[in-house]
């Protein structure tokens, strides 16, 4: 399972989710059996050449159409900020799946 998260920095344990417009990097997280296998950072989304299962965004006002066009599922953060908080909520199905009305 892979997730992409816009973040304010590329420091794994200090970064928090940020808006797509204002992010400084993208965290590409690989999960296996509920564990983080790797967390790599990229300056641009286009630099991620691997498959992306989900992108987690800050809110439902984000510009997410490129992800939807690529058939990537979009999850919306509630109050989670850190990567660990986001992953925990993801594993517990607490993030909201974006659906088009």
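Numbering (this note's numbering), first residue to last: 5 to 105.
We put the beta carbon where it would ideally sit given N, CA and C, even for glycine.
Taking 7 Å as the cut-off, does the CB of residue i come closer than this to any heavy atom belonging to the ligand ATP?
{"i": "residue 15", "result": "This structure lacks the ligand ATP, and indeed carries no ligand of any kind."}
What are the boundary residues of the beta strand (DSSP E) that includes residue i?
{"i": "residue 34", "result": "29 to 36"}
{"i": "residue 64", "result": "Premise fails: residue 64 is in no beta strand (DSSP E) and is neither H nor E."}
{"i": "residue 6", "result": "6 to 11"}
Hey, quick one: how far does the alpha helix (DSSP H) through residue i stretch, first residue to last?
{"i": "residue 90", "result": "87 to 95"}
{"i": "residue 72", "result": "69 to 73"}
Which value, in whole angstroms, describes the spacing of the CA atoms of residue i and residue j?
{"i": "residue 2", "j": "residue 76", "result": "The structure shown has nothing for residue 2, since the chain only spans 5 to 105."}
{"i": "residue 96", "j": "residue 69", "result": "26 Å"}
{"i": "residue 11", "j": "residue 81", "result": "13 Å"}
{"i": "residue 50", "j": "residue 19", "result": "20 Å"}
{"i": "residue 47", "j": "residue 92", "result": "24 Å"}
{"i": "residue 72", "j": "residue 78", "result": "7 Å"}
Which of helix, strand or coil does DSSP assign to residue i?
{"i": "residue 98", "result": "coil"}
{"i": "residue 47", "result": "coil"}
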